[in-house]
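Contents: one structure, followed by commentary.
Residue numbers (the UniProt record's numbering): 1 to 1232.
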């Protein structure tokens, strides 16, 4: 059960061990395919399963005349290849080559179709795709698997300008479900897009008019519009039906354009409701010029407003930000949000400027990028911005502090290994580092990024996400271990432990672990976004394993243009985000120890990150480069990797995978656990992982001290991951061994030095002697709350009376070094005023590429470089060149455009008013009218919105899953006819035609269903349904009764089938009544047997043929009658009805059926129950088909005898009416 399936599979049937004495032509694939289809043709009418599926597809409007037609409803192609039996090796080789050739041909055709639809997956993406399908069907069998939505998991919308426009459009579509059409969505979007372009041009200092600025953004606008039409805007086909109680039900097709071609129109549950191509009045081709024109017009007006507004005290980007907020953005979100919570937002796009990824979550729920944060906030400190309200809406104020890494400072990274209870080793090492500083400074304030795995992930989340001190972390970690490792019942019983572990796939209970995590990390705090009390400086990421690949869970966001060997989990909405305790549960779900963690909102299942990365040093380095791309190519300030202790002489070696065969539940569970644990044991050799990393990055010798590994070496094997009783002993051993260790002291001093950085305060000035003069200041990036502790440590730690000092020198000229002391006045300000201030420094360098060093001296003969050094002083200027934020179209999503899409996209020229806009008579509103209270979203009107709701089926209730006799459905007839209640029937679609997107005939659409000519099988005459040609064509006297001109509607109705056709001439709707021969015209040919529950035939009337006259609503029952036949105990009927104003003459005598056609089998009998309302306005029928093992019962007329009944009518009519009332009363009593 699926929807939006872009391509149906190809079927290749191999007929093995075929006889060698068959006709030689049968070895040809085309002939063998034709032969097999002919051989099974009779199954279409004799096989119950085939008959069922044939009827299903006929109900949907597809012609099923052959078995191949039925198979092609499920497969793109069907091919048969014969494989001979033994005896002819050459023939065997030829046929096997044909088989492989056909498989290659089919796979290439599937690849081409998927490539044209931009849904072709590689090996890595396929694994995630399959896992998503498995997770979907393991938790939900009532909802169809959506192929298009699944493709977004591994290939999400890019976080560039085009992608962010697309995300906003999708958000609007979801908020206004079936109330706004595509034109209204993008008409409303044009205001926001134009304003964002104006803001971006002001930020980047792009000069010029709209004619010069807009062409740079045209491709992004076109990309967003095309992708929305192809992948997000559903088909506008709407099915509307009524229940017999008058309730209108139905729904809209959920398939989008790129996934519509294979199955037709579908509901969300995957049920195909009709066969047909994608239908929409909105397309990228038809609206492209209009969207461009609207954006360009509004941009022109906004740039004019920017030129008119003159604020001498503010730069242009600040003025542009205010215009953007007050005149466009806030009115836009007022229109879009409709005043209803939740406010439209995104966790992957900045909905303020649409130009960048959001990074900073606000208390209201919105997330802003750094540029928007700076423009709408106030700088309180060098690295802190305070924002008091959200720019996207008004009405709420707050004081929210956001901390930023200074641009002139480098990056510091901490990585924490996994190891179960051995995580206490990492905490003890961190506490020893803090003790070197005197115990007042906190370790997390000295790192920009902390990455942890498993137990290291728990510590990382506590330090960065919860802002715990190391002492608090030790307390929570100890308490967590004592509560989490609760053995399952029966684990202590000899012989039962393996059974219990195999049944539960874990050794310990899940509930105590999750309760302990919620108690420690709180049950409501989100890892990213959501309401929170404070904001923290340090970024944190933990690793987990998801679908056989590595996932990174983080409290930050970043762009990633390159492909990395892991996935970064950042959902679009807050409801799918992980909470802090959930991230801790995901990273610590060790196989065999705890059950995997299933996150229901995101439908993801996680296990321990240590399966692949017990030492996350590789992931930490990649994340550093992605978070700070300007510093990505330079060496970081400091990377500290901490392990959980190891014994190099351990007798426990890395275990290779066992080759033994395991059988049964125990063996299966053991093999799975062994496979996962082998990964863990292999990755537990974290020392080797670290050494491999150092060799891989090719670190120069002079930078070797930038990376440091601290992993205590102990003389005994470390305890097991779950050995809680040995945790205290291990902690005590590490404390004794590592106290005053040189690696601890060195790491502490190096971290302290990186808390200082040099910032230029004026441009570099060339001197007369060819040297350069740079003026700047040394600043401190520690939080202001820690300045007192920092001052006390600096004042007491130095051995000289002058105190600590900085040394500034050029690497190749150490003789010219200068010393800059941290004066007592500076220390006094640190301790008592919590203020860091040093005088400006002038640095002379011999040439622009000279390498400059600035180091901090705390102990004698010990120097540690400050943040960002050594480097050339012009490096900042060089890095800032070309840093403009330009809309990019380099993403794979935008590059993979088909040739037809590229040809349809028109080149940009300065637009005039598009023809489509002129025809629509729409008014182009101005900035002043856009913010008016009476403005309607999409520049629409209330009546237009109501019409859209009606057209897109917004108010339709979903149809019932099972249609019973009580909840029967009413067929929608023409306006001149009365509705007929059909109990237990599938409704007829009352679908109003819409303007369908036209395709170029010279280039077939990749979304269109293939047109296949019916294949002829001469050897077998297939069974067929009664056709229109089998019935007489009555005629009217055109002179006596002129009819109104117009197309007629021919409706052949059955409980499972409806067909509408246009007939030249007059409009009639005819219902045959099988129990009332006065309205029956005998068929020319005896129809074949039918298996449906009831039978209705609408027949075509044309001038020149006199039909039988049905009784009109005002005619007495005795008029225009023929003698009725004897009624049976369970009569069937078909009612005739003609359009108003028709008075047909008497019918001609019926012709006799030809003898060459078969008569209907006698064992197919038709029994029905009928009732007719006295007013004649509504008819109710319940018909059923009885299959007898032998011949037909004498009391029940056969289908043919009903059509041929003649005789007396009066007596049987009254008798049948009484029995009908009796049966109807029993029927109603049964369902009451």
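We put the CB at the ideal spot given by N, CA and C, even for glycine.
Notebook entry, point to check: Would you call residue 934 buried or exposed, if buried means 16 or more other Cβ atoms sit within 10 Å of its Cβ?
Noted result: Taking the chain shown and counting its residues from 1, the one referred to as residue 934 is at position 934. Exposed: under 16 other Cβ atoms inside 10 Å.
Checklist line | Local conformation of residue 1069 per DSSP, three classes | finding: Numbered from 1 along the chain shown, position 1069 holds the residue referred to as residue 1069. The pLDDT assigned to residue 1069 is 32, lower than 50, so where the model puts this residue is not dependable; a value taken from the coordinates is nonetheless given after this. Coil at residue 1069, not helix or strand.
Next item on the list: Label residue 602 either buried or exposed according to how many other C-beta atoms from any shown protein chain fall within 10 Å of its C-beta, with 16 as the threshold for buried.
Entry: The residue given as residue 602 occupies position 602 in the chain shown. Result: buried.
Note to self: With a threshold of 7 angstroms on Cβ separation, who are the neighbours of residue 858 within its own chain once the five nearest residues in sequence on each side are excluded?
What the structure shows: Counting from 1 along the chain shown, the entry for residue 858 is found at position 858. Answer for residue 858: 749, 797, 798 and 804, listed in chain order.
Notebook entry, point to check: Is the stretch 420-433 touching the stretch 464-478, taking contact as three or more C-beta pairs under 8 angstroms?
Noted result: Yes, the stretch 420-433 touches the stretch 464-478.
Checklist line | Span of the beta strand (DSSP E), counted from its first residue to its last, around residue 238 | finding: Within the chain shown, residue 238 is the residue found at index 238, counting from 1. Its beta strand (DSSP E) spans residues 238-243.
Margin query: In whole angstroms, give me the CA-to-CA distance for residue 452 and residue 460.
Written below: If you number the chain shown from 1, residue 452 lands on position 452. If you number the chain shown from 1, residue 460 lands on position 460. Each residue's alpha carbon lies about 6 angstroms from the other.
Notebook entry, point to check: What whole-angstrom Cβ distance do residue 263 and residue 5 have, given they're in contact under 8 angstroms?
Noted result: If you number the chain shown from 1, residue 263 lands on position 263. If you number the chain shown from 1, residue 5 lands on position 5. Residue 263 to residue 5, Cβ: 6 angstroms. Contact.
Margin query: Taking 7 angstroms as the threshold (C-beta atoms), are residue 50 and residue 43 in contact?
Written below: For this step, residue 43 is matched to residue 43 along the chain shown. For this step, residue 50 is matched to residue 50 along the chain shown. Result yes, Cβ atoms of residue 43 and residue 50 sit closer than 7 angstroms.
Check: Under a three-way DSSP split, which group does residue 772 fall into?
Finding: Within the chain shown, residue 772 is the residue found at index 772, counting from 1. Strand at residue 772.
Notebook entry, point to check: Apart from the five residues just before and just after residue 627, which ones in its own chain have a Cβ nearer than 6 angstroms to its Cβ?
Noted result: Numbered from 1 along the chain shown, position 627 holds the residue referred to as residue 627. Here residue 627 has 558 as same chain residues with Cβ atoms under 6 angstroms from its own Cβ, once five neighbours each way along the sequence are excluded.
Notebook entry, point to check: Any idea what DSSP makes of residue 389, helix, strand or coil?
Noted result: Residue numbering aside, residue 389 sits at position 389 when the chain shown is read from its first letter. The three-state secondary structure of residue 389, taken from DSSP, is strand.
Note to self: So, at 7 angstroms on beta carbons, what are the nonlocal neighbours of residue 331 in its own chain, with the 5 sequence-adjacent residues on each side left out?
What the structure shows: The count along the chain shown starts at 1 and reaches residue 331 at position 331. These residues qualify, in order along the chain: 930 and 931.
Note to self: Which same chain residues end up closer than 6 angstroms to residue 1233 when comparing Cβ atoms and leaving out the 5 residues on each side of it in sequence?
What the structure shows: Because residue 1233 is not part of the residues shown, which for the chain are 1 to 1232, the question remains open.
Note to self: With distance defined between alpha-carbon atoms, name the residue in 234, 159 and 196 nearest to residue 217.
What the structure shows: Mapped onto the chain shown, residue 217 falls at position 217. Comparing Cα-Cα distances from residue 217 to each of 234, 159 and 196, the minimum goes to 196.
Next item on the list: Determine which residues share a DSSP beta bridge with residue 638 and list them.
Entry: Walking along the chain shown from the start, residue 638 turns up at place 638. Beta-bridge annotation (DSSP): residue 638 is paired with 412.
Notebook entry, point to check: In whole angstroms, what separates the C-alpha of residue 1013 from that of residue 202?
Noted result: Here residue 1013 refers to the residue found at position 1013 when the chain shown is read from its first residue. Here residue 202 refers to the residue found at position 202 when the chain shown is read from its first residue. In this prediction, residue 1013 has a pLDDT of 43, which is less than 50 and means its spatial position is unreliable; nothing more can be read from the coordinates.
Check: Does DSSP classify residue 730 as helix, strand or coil?
Finding: Position 730 of the chain shown holds residue 730. Helix.
Margin query: Whole angstroms are fine: how far does the CA of residue 607 sit from the CA of residue 830?
Written below: Along the chain shown, one-based indexing puts residue 830 at 830. Along the chain shown, one-based indexing puts residue 607 at 607. Taking the straight line from one Cα to the other gives about 46 angstroms.
Note to self: Whole angstroms are fine: how far does the CA of residue 366 sit from the CA of residue 190?
What the structure shows: Reading the chain shown from its first residue, position 190 is the one you call residue 190. Reading the chain shown from its first residue, position 366 is the one you call residue 366. Cα-Cα distance, rounded: 22 angstroms.
Next item on the list: Assess, as a yes-or-no matter, whether the stretch 806-813 is touched by the stretch 463-472 under the definition of 3 or more beta carbon pairs within less than 8 angstroms.
Entry: No contact exists between the stretch 463-472 and the stretch 806-813.
Check: Going straight from the alpha carbon of residue 59 to that of residue 52, what length do you get?
Finding: Against the chain shown, residue 59 aligns to sequence position 59. Against the chain shown, residue 52 aligns to sequence position 52. Residue 59 and residue 52: Cα-Cα distance of roughly 11 angstroms.
Checklist line | Sub-7 angstroms separation of residue 1248 and residue 183 beta-carbons | finding: Residue 1248 cannot be examined here, being either before or after the span of the chain that is shown, 1 to 1232.
Note to self: Could you tell me the alpha carbon to alpha carbon distance between residue 404 and residue 357, rounded to whole angstroms?
What the structure shows: In the chain shown, residue 404 corresponds to position 404, counting from 1. In the chain shown, residue 357 corresponds to position 357, counting from 1. Going by the C-alpha atoms only, they are around 15 angstroms apart.
Check: What number of angstroms, rounded off, separates the C-alpha of residue 568 from the C-alpha of residue 546?
Finding: Start at 1 with the first residue of the chain shown, and residue 568 comes out as number 568. Start at 1 with the first residue of the chain shown, and residue 546 comes out as number 546. So the alpha carbons of these two residues sit roughly 11 angstroms apart.
Item checked: C-beta contact flag for residue 854 and residue 822 at 7 angstroms -> What you label residue 854 is simply residue 854 of the chain shown in a count that begins at 1. What you label residue 822 is simply residue 822 of the chain shown in a count that begins at 1. Cβ atoms of residue 854 and residue 822: not closer than 7 angstroms.
Check: Shortest alpha-carbon distance to residue 863 belongs to which of 758, 178, 705 and 109?
Finding: The residue labelled residue 863 in the question sits at position 863 within the chain shown. The option with the nearest alpha carbon to residue 863 is 705.
Check: For residue 644 versus residue 789, is the C-beta spacing smaller than 7 angstroms?
Finding: Position 644 of the chain shown, counted from the start, is the residue given in the question as residue 644. Position 789 of the chain shown, counted from the start, is the residue given in the question as residue 789. Contact: no.
Next item on the list: Taking residue 605 as part of the beta strand (DSSP E), name the residues at either end of that continuous run.
Entry: Mapped onto the chain shown, residue 605 falls at position 605. Run containing residue 605: 604-608, per the beta strand (DSSP E) assignment.
Check: Can you tell me whether DSSP reads residue 207 as helix, strand or coil?
Finding: Counted from its first residue, the chain shown places residue 207 at position 207. Three-state DSSP puts residue 207 in coil, outside helix and strand.
Note to self: Let's test the definition: count the other Cβ atoms within 10 Å of the Cβ of residue 265 and tell me whether it reaches 16, buried, or not, exposed.
What the structure shows: As a position in the chain shown, residue 265 is number 265, starting the count at 1. Result: buried.
Next item on the list: Leaving out five residues on either side along the sequence, give the residues of the same chain with a beta carbon under 8 angstroms from the beta carbon of residue 177.
Entry: In the chain shown, counting from the first residue as 1, residue 177 sits at position 177. Excluding residues within five positions, the ones whose Cβ falls inside 8 angstroms are 954.
Notebook entry, point to check: What's the gap between the Cα of residue 27 and the Cα of residue 72?
Noted result: By 1-based counting over the chain shown, the position of residue 27 is 27. By 1-based counting over the chain shown, the position of residue 72 is 72. So the two alpha carbons sit approximately 22 angstroms from each other.
Checklist line | the stretch 376-396 / the stretch 318-331 touching (three or more Cβ pairs under 8 angstroms) | finding: yes
Checklist line | Extent of the continuous alpha helix (DSSP H) run through residue 172 | finding: Stepping through the chain shown from its first residue, residue 172 is reached at position 172. Looking at the DSSP string, the run of the alpha helix (DSSP H) that includes residue 172 is 161-175.
Check: So, residue 780 versus residue 758, is the Cβ gap smaller than 7 angstroms?
Finding: Taking the first residue of the chain shown as 1, we reach residue 780 at position 780. Taking the first residue of the chain shown as 1, we reach residue 758 at position 758. No, they are not a contact pair.
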